[in-house]
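J.: Residue numbers (the numbering used here), protein chains in the order written: chain A, 733 to 1091; chain B, 413 to 571; chain C, 7 to 393. All residues carry an ideal CB built from backbone N, CA and C; glycine is no exception. This structure is a prediction, so every number in the text was calculated from the model and none was measured.
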Amino acid sequence: MNARPVYLHGAATSVGWGDSRRSLTDMIFATVTDALRQSDAHMDAVDSVVIAAHDLIDGRSLSSMVTAPAAGSYLKDEMRVDEDGLVAASFAAARIEAGEARLSVVAAWGRASEGAPDSVSRVGFDPAFEKPLGLQELDISAVRLSAWLARYGDPGDSRAAATAARSMRAGRSPRALRVPSRDSVLAYPLRQAEGPKWADIVVAMIIGAAPSPVRVGGVGHATDLPRPGERDLVGMPALRQSAEMALRGSARGIDSIDLFEIDGMTLVEEALALESLGLAAPGHAFEHYALAENVNRAGGSAAAWCYPAMGLMRLAECFHQLSGTAGATQLDTAPRRAMAIGSSPLGAQTHTAVVLERA
Amino acid sequence: MKDVHMPNDVELITIPGNWNFDYRYFAGETASRFFAELKNSRRIMGTRCGKCRRLLVPARTFCEACYVETVSWEPVGEEGTLEVFTIVAAAFPGMPPPPFVIGYVTLDGADTSIANFIKGVDLSDIHAAGKSLLSRPRVRTVFSAEVQGRITDFHFELI
Amino acid sequence: MSRRAAVVGVGQTQYRRRHSGRNTAELVREAVTAALTDAQMDLDAIGLVVGGVAPDALAGIDHVDMGSIARPGIPYFRVNTGGATGSSAFLAGLTWIAAGRCDAVLVVAVERMGHAVTAPKVFNSIFDPIYERDISLSTLSMVALRATMMIQKYGYTLEQWAHLAARNSELSLLNDTLESPRRFSAGDVLSSGVISWPIHKLEIGPVSEGACAMVIAAENRVGSRPAAWIRGASGLSDTYEMGSRISRAEGALVDVVTLRRCAAQAYRDAGVVDPAKEVDMVEIHAACASSESMGYAPLGICAPADGPRFLDSIVDGTARIAVNPSAGAQAANPVSATAMIRIAECALQIRGRAGRRQVDGIRLAVATGQGGATQFSTAVVLGAEPS
C-alpha cells in the first residue's frame, strides 16, 4: 500500500540555561507557538500532538500530565513517547501516513538546569549488576572510546581537530548555548571538550499532509542488545541498521545524502557514527569528522544537549538546511537530501533515522 | 526455571535503593507574580484569556483551551464556592497527618477553580463531615501568619 | 481506519503484589511467549515492538523497558501516558500498521510497582510542582474529588459503590490471571475504613505487578487465526487543570469529555449507532468502583442521569451488557499494563479464550483507558467480524 507523503512545515528551537523568567511549560508553549508561526499554521487546525518527554529529566513523575497541554494537547489526539524526540517525529509521520491526522505538532524538550540528568542516568542501570558500580550515561561513551582506541590506536591530532571543528561549528550556530552551563565529570579517556554542552532545550516542528518544500523521504528504527557490555560499542550496528532502513524507505543510497545531523552525547558517538555508516574508513572517524563540512553543521552536542530533545533538534537542523533557513551554519549549496539520526539512553540502545528531501 | 543444580530454598534477594533527585523548578514570571501578590498583597490574582474571556485562577501564562497568551491580571474575591473535595483519612508517607480536607474552590469572579486545603471543618465524624460539604458551601480565603510565596500561604475555611 | 487489523494473540503473567521470584525481563518474556504462541507467530514476524511503562519511579529503575521489552533487531519505542500507557501503546502499534510500516506489532506493558516502598510519594510527585504538589494531592484524592461530584450531580451513594466493589470481587474469583483474588461483601467494604472520603479501602485496586502482551496483525496476516477485529480506536487528551474542567460547556468534570468524545469516534469508525443496544461487553479502566461508574455514560451504555440505576442493574445482574467480566482494575491494577489488560480481556472474550470468566455471545466489546489527571482517554472497539 502507498503511504501518504509527509511534509515538514516549520521548526522552532529554543536553547537557554536557567532562565527563571520562564517555567518549563512557558518554554514549551512559546516554542510550539513559534513553530506554528514559522509554519503559517494555527493550533485550531492541528489534529495531532506527539511529544517526547522524560519524567526524570522533567522532575515530574508523569511529565505529560503537566506538560502536554503546553504543546497544544487540549482536547486533541496526543501521544507521549518516552523516547528521543526523533521517535516522536517518526510516530507523528506514521499518523499522517496512516491518514489518522493531517497536521501534527511534534515537540521534545529537556531542561538540564532544572534537574540533574547525570544522576538520573545512574538509575537506568540494572540495580543488581550494574548500578552498584556507580556508572552514568557518559561512562558508556568513555568505554566506547577506549574500545575504539584499543582497536585502532591513538588517532594523533585528529581527535583534537574534530573537537576544534565541532566547537567552531557550534560557535557559528544560531541555535547554540553561549553561556556557561554545567560541566559533567568525564571519565578517562574522554576529554572535557568532547562532552555535551548541557542546556535547556525545547524543539517543536509542524508536520502535515499538505505539500511543502520539504518532505520525509524515509524513516528507520533499530534496536541493539540491552546490556552495554554485550554490544559492539564501536560498530554501533543499530545506528547503521536504522539508517539503512530509512534509506530503503527513500529508495536511494547513502551517497544521495548531502547532510548528516547525528545525535551523540559526546564527540565519540558523533564521530564513530561515521564509521558505522560507512562514511569514514574504520579507524578514521575523527579525521573524517574534522574535515567533513556536511556532518553536524551546527556543532552537535557541543552546541547544546539534553535528552530527549536531541533527535528532534537534529531533524530541525536538517529542515533548516533544506529550506535555506539555517543561518550562519547554512551550507553554501543548500542540500537536497539530509539524514537526522537520534538515539536513546543507556549508550544508544535504539536509533532512529529520518531522511528529509526537498520536494 | 527448574534446574537440578538450583536449590529450591534459594533466598530471594531484595536490594535496597532510593530515588532522590534534586530539582529547582522555575516558577516563571507568571507564577512568581501570583506568589508575590499572595505574599505582599495577600490577594489572589488570575489572568484573563483574551479569546474565551475566562479569568483563570491561579494565574496562567497561557490558556490551555485557546492556546493563546493571557492578556490581563485581575484580583478575585476572598470568598468562593467549594466545588469538589475529599477528606483524606489515612496516613501516607510525606503527607500531612490525617484527617485533612482538600478541595477546589471557585473564588468570586474567577472562571476556574483553585486547589487548596479546607480547614476548620469538624472532622470528628468523617462521614458526617463529608455529607455536610456536599452542599457546595461558601468558603473564605485565610492567609497564614507567615507567608513565604508558596501556594500554602493560604487555605480556605467555611463561612 | 485505513487498513483492517485484528488482535491475534494475548499473553499475560499472573498479577500479584510482588513478583519477588522473577526479574522484569523474565516477567515480560512469559507474557510475550504466551502472546506469540497464542498468535502462532515467531518474533521474526514482528515488525515493531511498542513498550508501555508508566512512571519510571514506580519501578525505581529508569527505562526499565530497555532491558526487558526492547528486542534486538526489531524497531522499538516506549510510550508513557500514565494509567493509559497500556492502551496508548496499543494505539501506537495500530498506527504503525495503519501507516503500512509493518504487518504485525507486538505491544507489551510491564509493571514493577512492587519495587516502590512509598508508592504514594510517587503518586504525589506527578502533580504540578508550582501550584499543586504542595496541596498533598494524590491519584487517590483525584478519584475521591470526582466521587464527591458524582454524589452531588447524580446522586450516587457510598453504599452503591460498596455493592459494585463487592460484585467485582465476586467476579475476580473466576479470573485465573489473579494470583490471590479477594472476595468481600458490601458490608466489608463499608467497614474497611475510609482512605479518602468517599472512597473506602476495599474498593481500591491493589498494588499489582505483572506483564501483558498482545499481537496486532494487519488483515493480510490474520489468515485463519482466531481474531478480535479492531473496529474503532481513538485517544484524546485534555487540560491538566482539574479546576478548569469542573463545569465547562463541553461537560462537567465527571462527564469525562475526552472519554465521551473518543468513544463516539471509535463507535463511528465501528459503525455502532446505539452502543446501549449493540455493545455486548465493556472493560472500563477504573481502579475504584466510583471511577468505574463514571465511565458508563461517556460510553453511551446509559444516560448520564441513569448512572446510579445502571449501576444497580449491574449489581443485581439484570444489565444487558457484560460490564468488566474480568473484575477490572479493582482486582488487579498494574499501572503500566492495566489499560492494555482491558483490551486484552475484550479480545479474549471475543476469541472465546477467556477461560472460566468467558461470557457467552460476546461479539462487540469496548475497552477504555484513563491516564494522567483523568485527562488521557482511550476507547477501543473490538468485534468478532472485521466490519
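Chain C beta carbons: is any one of them nearer than 9 Å to that of PRO859(A)?
T.: Your numbering for residue 859(A) matches position 127 in the first sequence. Chain C, which has a Cβ nearer than 9 Å to the Cβ of PRO859(A), makes this yes.
J.: Using a cut-off of 7 Å between C-beta atoms, extract the partners of PRO864(A) located in chain C.
T.: Residue mapping note: residue 864(A) aligns to position 132 of the first sequence, counting from 1. Simply none; closest approach about 13 Å.
J.: In whole angstroms, what separates the C-alpha of MET1071(A) from that of SER780(A)?
T.: Residue mapping note: residue 1071(A) aligns to position 339 of the first sequence, counting from 1. Residue mapping note: residue 780(A) aligns to position 48 of the first sequence, counting from 1. The alpha-carbon atoms of MET1071(A) and SER780(A) are separated by roughly 24 Å.
J.: Please list the terminal residues of the continuous beta strand (DSSP E) segment that includes GLU289(C).
T.: Looking up residue 289(C) in the third sequence gives position 283. That run of the beta strand (DSSP E) goes 287-289.
J.: At what residues does the alpha helix (DSSP H) containing THR895(A) begin and finish?
T.: The count along the first sequence starts at 1 and reaches residue 895(A) at position 163. Counting along the chain, the alpha helix (DSSP H) containing THR895(A) begins and ends at 890-904.
J.: Any Cβ of chain A within less than 9 Å of the Cβ of GLU256(C)?
T.: One-based indexing of the third sequence puts residue 256(C) at position 250. Output row for GLU256(C): interface = yes.
J.: Are ASN86(C) and LEU794(A) closer than 9 Å when you measure CB to CB?
T.: Along the third sequence, one-based indexing puts residue 86(C) at 80. Along the first sequence, one-based indexing puts residue 794(A) at 62. Contact: yes.
J.: Going straight from the alpha carbon of VAL935(A) to that of SER1075(A), what length do you get?
T.: In the first sequence, residue 935(A) corresponds to position 203, counting from 1. In the first sequence, residue 1075(A) corresponds to position 343, counting from 1. So the two alpha carbons sit approximately 16 Å from each other.
J.: Using a Cβ-Cβ cutoff of 7 Å, what residues of the stretch 474-488 of chain B are near chain A? List them in chain order.
T.: Hits within the stretch, in order: PHE474, GLU476, ALA477, TYR479.
J.: Check whether the Cβ of ASP776(A) sits closer than 8 Å to any heavy atom of the ligand SAM, and report yes or no.
T.: As for the ligand SAM, it is missing from this structure, which has no ligand bound.
J.: Per DSSP, what are the beta-bridge partners of GLU482(C) in this structure?
T.: In this structure chain C extends from 7 to 393, so residue 482(C) is not present and cannot be described.
J.: What are the residues of the stretch 753-783 of chain A that lie near chain C, defined by any Cβ-Cβ distance shorter than 7 Å?
T.: Listed in sequence order: SER755.
J.: Ignore the nearest five residues each way along the sequence and tell me which others in ARG792(A)'s own chain have a CB closer than 6 Å to its CB.
T.: On the first sequence, position 60 is the one that residue 792(A) refers to. Counting only Cβ-Cβ distances below 6 Å, and skipping sequence neighbours, we find VAL798.
J.: To the nearest angstrom, how far is it from the Cα of MET413(B) to the Cα of VAL341(C)?
T.: Stepping through the second sequence from its first residue, residue 413(B) is reached at position 1. Stepping through the third sequence from its first residue, residue 341(C) is reached at position 335. Since pLDDT at MET413(B) reaches only 47, below the 50 mark, its modelled position is unreliable, and the value read off the structure follows with that caveat. If I take the Cα positions, the gap works out to 27 Å.
J.: Note down, in chain order, every chain C residue with its Cβ under 9 Å from the Cβ of ALA557(B).
T.: As a working note, residue 557(B) is residue 145 in the second sequence. The premise fails here: ALA557(B) is roughly 17 Å from chain C at the closest Cβ pair, so nothing lies under 9 Å.
J.: How far does the beta strand (DSSP E) with SER240(C) in it extend, from its first residue to its last?
T.: Position 234 of the third sequence, counting from 1, holds the residue named residue 240(C). First-last of the beta strand (DSSP E) with SER240(C): 234-243.
J.: Measuring only the C-alpha atoms, how far is ASP1064(A) from HIS1020(A)?
T.: Here residue 1064(A) refers to the residue found at position 332 of the first sequence. Here residue 1020(A) refers to the residue found at position 288 of the first sequence. Near 20 Å, if we compare the C-alpha coordinates of HIS1020(A) and ASP1064(A).
J.: Would GLY199(C) count as contacting chain B if we go by Cβ distances under 9 Å?
T.: The residue given as residue 199(C) occupies position 193 in the third sequence. Taking Cβ atoms only, chain B reaches closer than 9 Å to GLY199(C), which makes this a yes.
J.: Do you know whose CA, among ALA803(A), SER944(A), GLY903(A), ALA1034(A), lies nearest ASP772(A)'s CA?
T.: Counting from 1 along the first sequence, the entry for residue 772(A) is found at position 40. When each option's Cα is compared against that of ASP772(A), the closest is SER944(A).
J.: List the residues of chain B whose Cβ lies closer than 9 Å to the Cβ of MET248(C), in chain order.
T.: In the third sequence, residue 248(C) corresponds to position 242, counting from 1. Residues of chain B passing the Cβ test: VAL496, TYR516, SER525, ALA527.
J.: According to the Cβ coordinates, are VAL713(A) and VAL852(A) closer than 9 Å?
T.: Residue 713(A) lies beyond the stretch modelled for chain A, which goes from 733 to 1091, so this question has no answer here.
J.: According to DSSP, is TYR21(C) part of a helix, a strand, or is it coil?
T.: Indexing the third sequence from 1 puts residue 21(C) at position 15. Looking at TYR21(C) - three-state DSSP - the assignment turns out to be strand.
J.: Spell out whether any CB of chain A is found under 9 Å from the CB atom of MET413(B).
T.: Taking the first residue of the second sequence as position 1, residue 413(B) is located at position 1. For MET413(B), the predicted model reports a pLDDT of 47, less than 50, meaning its position is unreliable; a value from the coordinates is still stated below. Taking Cβ atoms only, chain A never reaches closer than 9 Å to MET413(B), which makes this a no.
J.: Shorter than 9 Å from the beta carbon of GLY462(B) to some beta carbon of chain C?
T.: Reading the second sequence from its first residue, position 50 is the one you call residue 462(B). Chain C, which has no Cβ nearer than 9 Å to the Cβ of GLY462(B), makes this no.
J.: For THR493(B), name the three-state secondary structure that DSSP assigns.
T.: Here residue 493(B) corresponds to residue number 81 of the second sequence, with the count starting at 1. In this structure, THR493(B) counts as strand in the three-state DSSP scheme.
J.: What residues in the stretch 542-553 of chain B have a beta carbon less than 8 Å from any beta carbon of chain C?
T.: Listed in sequence order: GLY542, LEU545, LEU546, ARG548.
J.: To the nearest angstrom, report how far apart ASP44(C) and SER93(C) are at their CA atoms.
T.: If you number the third sequence from 1, residue 44(C) lands on position 38. If you number the third sequence from 1, residue 93(C) lands on position 87. Approximately 20 Å between the Cα atoms of the pair.
J.: Ends of the beta strand (DSSP E) at ASN528(B)?
T.: Here residue 528(B) corresponds to residue number 116 of the second sequence, with the count starting at 1. From DSSP, the beta strand (DSSP E) with ASN528(B) extends over 526-531.
J.: Identify every residue that forms a DSSP beta bridge with TYR884(A).
T.: Locating residue 884(A) in the first sequence gives position 152, where the first residue counts as 1. BP columns for TYR884(A) are empty, so no partner.
J.: Is HIS121(C) closer than 9 Å to GLY66(C) when the C-beta atoms are compared?
T.: Start at 1 with the first residue of the third sequence, and residue 66(C) comes out as number 60. Start at 1 with the first residue of the third sequence, and residue 121(C) comes out as number 115. It is a contact, given that the beta carbons lie within the stated cut-off.
J.: Using the C-alpha atoms, what's the distance from THR955(A) back to ARG898(A)?
T.: Reading the first sequence from its first residue, position 166 is the one you call residue 898(A). Reading the first sequence from its first residue, position 223 is the one you call residue 955(A). Approximately 27 Å between the Cα atoms of the pair.
J.: Mind the definition here: the stretch 885-897 of chain A touches the stretch 1004-1019 of chain A only if three or more C-beta pairs lie below 8 Å; say whether that holds.
T.: Counting Cβ pairs under 8 Å, three or more are found: they touch.
J.: Taking only three categories from DSSP, how would you classify PRO921(A)?
T.: Here residue 921(A) refers to the residue found at position 189 of the first sequence. In this structure, PRO921(A) counts as coil in the three-state DSSP scheme.
J.: Could you check the C-alpha separation between MET733(A) and ARG827(A) for me, to the nearest Å?
T.: Along the first sequence, read from residue 1 onward, the residue named residue 733(A) stands at position 1. Along the first sequence, read from residue 1 onward, the residue named residue 827(A) stands at position 95. A caution first: MET733(A) carries a pLDDT of 44, below 50, which makes its placement in the model too unreliable to give a value.
J.: Identify the residues that DSSP records as bridge partners of LEU184(C): which are they?
T.: Indexing the third sequence from 1 puts residue 184(C) at position 178. TYR21(C).
J.: What are the residues of the stretch 52-79 of chain C that lie near chain A, defined by any Cβ-Cβ distance shorter than 9 Å?
T.: Flagged, chain order: LEU54, VAL55, GLY57, VAL59, ALA60, PRO61, ASP62, ALA63, LEU64, GLY66, ILE67, ASP68, HIS69, VAL70, ASP71, MET72, GLY73, SER74, ALA76, ARG77, PRO78, GLY79.
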